[in-house]
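Residue numbering for the sequence shown follows my numbering, beginning at 27 and increasing consecutively. Note that the Cβ used here is the ideal one computed from N, Cα and C, for glycine as well. Below is one structure, written out as structure tokens; comments come after it.
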Amino acid sequence: MKYKRSNRIAELTRIFIENPRTTYQLSFFSDKFQVAKSSVSEDITILEEYFEEQGLGSIVSSAGAAGGVKYIPRMRVEEARKWMLTALEKLAVAERILPGGYLYMSDLLGEPAFISGVGRIFSEAFADSGADMILTVETKGIPIALATAKYLNIPVVVARRDSKVTEGTTVSVNYVSGTSHRIQTMSLARRSIGQYRKAIILDDFMKAGGTTKGMINLLQEFQSECVGVGVLMEMSEPSNKLVSDYISLAKLTKVDELNKRIFAELGSFFI
């Protein structure tokens, strides 16, 4: 099937958007569309200009035998800020207040559009981190990690609260939970990391940072490095977290349970 130029550009858009950071040789598109490589190059140039104008990212070319073109998703900080301000309106609803000053967020963490937006922002935040994997702990951090992994095109590894026989041999560490202030355990299968050595740690919520600290320690057991930490929402107190180098998309400054009021603001990523 021979494609018209409009159809080629539409198909190129679909392929790049669905497969970010995946390198394609021009011959792949030339064979697919049954046109010369020069025609494909012209199509990609048109698409590259459009992506840049709309702030969707860029199409990067690389030379050599292993070279080709790939789409790098990006998100302008102004766009991310606007999106997060809208998200804060959804988060700061009185009905979300839970005992102890926590917020119910499970519905949003299961909403594809919300999770996709969070993933886009985190992928922008860690675009140049050099990470080759994302580590999170079950369960609420998983959708955030998967959404981010889609844009960065790297795998997700999930640390478990309880080891499973289906995981095979595991490595476990103890940590103090910032929520319950109890010593807890998390484990990771020995086979899970493999050749991956640089990880981004993502989670949905941070109070004191105990869980994040546990994941950092767990990575060290695999001789792996944490190159970035991100949380959807952090609590302003305690101010002295167990981890210092992290970014948040939102900060919960106060929950007035008596008057059913939530005070939240943009997180450190936007400062």
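Item: Check this for me: beta carbons of LEU292 and ARG107, under 8 angstroms apart or not?; Value: yes
Item: Could you check if GLU121 is buried or exposed, using at least 16 other CB atoms within 10 Å of its CB as the buried criterion?; Value: exposed
Item: Report the residue from PHE289, PHE295, SER294 and GLY127 whose alpha carbon sits nearest the alpha carbon of LEU114.; Value: PHE289
Item: Could you tell me the boundaries of the beta strand (DSSP E) in which MET232 lies?; Value: 224 to 232
Item: From this set, LYS96, GLU193, ALA157 and ALA89, which residue's C-alpha is nearest LYS224's C-alpha?; Value: ALA157
Item: Here's a check: name, in chain order, each residue in its chain whose Cβ is nearer than 6 angstroms to the Cβ of LYS166, leaving out the five neighbours to either side.; Value: LEU135 and ASP230
Item: Is the separation between the beta-carbon of GLU193 and that of ALA215 shorter than 8 angstroms?; Value: yes
Item: Taking all protein chains shown into account, decide if LYS176 is buried (16 or more other Cβ within 10 angstroms of its Cβ) or exposed.; Value: buried
Item: Helix or strand or just coil, what does DSSP make of TYR29?; Value: coil
Item: Is it the case that the stretch 254 to 261 contacts the stretch 272 to 279, given that we only count it when at least three CB pairs across the two stretches are under 8 angstroms?; Value: yes
Item: Suppose you measure from the CA of GLY220 to the CA of SER87; what does that come to, to the nearest Å?; Value: 29 angstroms
Item: Tell me, please, which residues DSSP counts as bridged to ALA290.; Value: LEU278
Item: Going by the CB atoms, is the gap between MET159 and VAL144 shorter than 8 angstroms?; Value: no
Item: Cβ of VAL95 within 8 angstroms of Cβ of TYR29?; Value: no
Item: Apply the 10 Å Cβ neighbour rule to ALA185 and answer buried if 16 or more other Cβ atoms are within range, or exposed otherwise.; Value: buried
Item: Would you report the Cα separation of ASN33 and ILE227, rounded to the nearest angstrom?; Value: 40 angstroms
Item: Among LEU111, GLY127 and PHE55, which has the Cα closest to the Cα of GLU283?; Value: GLY127
Item: Report yes if the C-beta distance between ASN266 and TYR201 is below 8 angstroms; otherwise report no.; Value: no
Item: Sort out for me which residues DSSP pairs ILE85 with in a bridge.; Value: TYR97
Item: Could you tell me the alpha carbon to alpha carbon distance between GLN249 and ILE147, rounded to whole angstroms?; Value: 28 angstroms
Item: If you run the structure through DSSP and keep just helix, strand and coil, what is MET131?; Value: coil
Item: Just curious, the beta strand (DSSP E) that SER64 is in, first and last residue?; Value: Element bounds for SER64: not the beta strand (DSSP E) but the alpha helix (DSSP H), 63 to 80.
Item: Helix, strand or coil: how does DSSP classify GLU260 here?; Value: strand
Item: I need the DSSP call for TYR272, collapsed to helix, strand or coil.; Value: coil
Item: For PHE55, I'd like the list of residues in its chain whose CB is within less than 6 angstroms of its CB, leaving aside the five on either flank, ordered along the chain.; Value: VAL66
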